[in-house]
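Under full-length UniProt numbering, the first residue of the sequence shown is numbered 1, with each subsequent residue one higher.
C-beta atoms are modelled at their ideal positions from N, C-alpha and C, and glycine is treated no differently.
Here's the structure we're looking at; comments come further down.
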Amino acid sequence: MSAPFALLGLPAALFMGALLGHRATRSWQKTLLTGAVLLPVLGLLVLAGQRMSLATFLLGTGVCAVVLPTLRRPALALVVASPALIGLLALVSPEAFGHLVTKTHSQLAHFASSPYGQIYNRAAVMTEAHPVMGLGDDAFRHYCRSEVFLKPGPSHLQPDGGGVSVCVQHTHNHVLEAATNGGFPGAILFVAMIGSWWRVLGRTARRQVGLSAAEIAWRVGLFGAAVLHEWPLSSQSAFLNMPLGGIAFLLLGAGLAEAVRDLKADRPDVEETARGALTLSQWPRG
């Protein structure tokens, strides 16, 4: 459950930090309060020993710090604190330390032969065989074991590409999931969709006029959560996996609602226009 915690923890921590710092009069006090709220999230992710959740949380915090200048010092403090917390983990939980550090180093040093590398290799073989239409919904789960895909693939490590042992439930990457399901056109459309979400949420996060510090922090946190959830160079759950997918779409909806709020502020007539528009539940007159 570390991935949902990281996803929810970023916007929630930024929002709470802004609320707590509302009455602070000095910048260092606000920095201290924000860092104090973010640090427990970081600590729990380190203690859980979940590599990708920790890495993407730090990435999302960095993205938020780019948009929100007041977050830069707390974000830098988190980066500095991370090695210290990981070092303490070796004493508190050697097993979690081994998973977080030793196993990560081993898999990165020999990525092609690692389980993730073999899964990505099989996804590439499947996409190469069906580049235009893909194999349909949930393709990796249904067709990974097919003999036609038991090939060396781009890695060229094993004649059968790892055999059926690499056939897990999904590709562990949303772009590869889209590629196996819908071919290259599906992957391109998926990337375009994610890019449009980032663009809208990023624009909303940068708009800070007429908003309270808590509202600004919430918007920035929602943008950071969207980036950390859909970062392409990461291991991910299936796109529609629950509960993570549900949490991601809930936060996405909250971010898009903020974008609609801005749209209504810029165009007062948009609500009246939307009210008069034809919906699926209405039949045209005449």
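Three-state secondary structure assigned by DSSP to residue i
i, result
"D160", "coil"
"Q282", "Annotation note: pLDDT 42 at Q282 (below 50); position unreliable, no value reported."
"Q50", "coil"
"W28", "helix"
"C167", "coil"
"Q236", "coil"
"G276", "Since pLDDT at G276 reaches only 46, below the 50 mark, its modelled position is unreliable, and the value read off the structure follows with that caveat. Correct three-state label for G276: helix."
"G153", "coil"
"G60", "helix"
"Q107", "helix"
"L68", "coil"
"L211", "coil"
"W231", "coil"
"S146", "coil"
"V80", "helix"
"V37", "helix"
"V132", "coil"
Short Cβ contact (8 Å threshold) for residue i with residue j
i, j, result
"V67", "V220", "yes"
"G162", "Q208", "no"
"L45", "L54", "yes"
"E230", "I194", "yes"
"F223", "H174", "no"
"G21", "T34", "yes"
"A112", "L176", "no"
"G17", "L38", "yes"
"R145", "Q169", "no"
"P154", "N121", "yes"
"G60", "V227", "yes"
"M52", "S234", "yes"
"V132", "P185", "yes"
"P74", "T25", "no"
Where residue i falls, given that 16 or more other Cβ within 10 Å makes a residue buried
i, result
"K151", "buried"
"S212", "exposed"
"V125", "buried"
"residue 322", "There is simply no residue 322 to check, as the chain begins at 1 and stops at 286 in what is shown."
"T102", "exposed"
"G286", "Interpretation of G286 is limited by its pLDDT of 45, a score under 50 that renders its predicted location unreliable; the figure taken from the coordinates is listed afterwards. Counting Cβ neighbours within 10 Å, G286 comes out exposed, since fewer than 16 surround it."
"residue 337", "This structure does not reach residue 337, given that the chain is present from 1 up to 286, and the question cannot be answered."
"A192", "exposed"
"S281", "Residue placement at S281 is flagged as unreliable, the pLDDT there being 39, under the threshold of 50; a coordinate-derived value is accordingly withheld."
"H130", "buried"
"S106", "exposed"
Start and end residues, alpha helix (DSSP H) containing residue i
i, result
"G98", "Unbroken run through G98: none, as it is neither H nor E."
"Q118", "P115 to A129"
"F140", "A139 to Y143"
"K264", "L244 to D266"
"F111", "Note, F111: premise wrong, no alpha helix (DSSP H); not H, not E."
"G136", "Per DSSP, G136 belongs to no alpha helix (DSSP H) and is neither H nor E."
"residue 291", "Since the first and last residues shown for the chain are 1 and 286, residue 291 lies out of range."
"L176", "H174 to R206"
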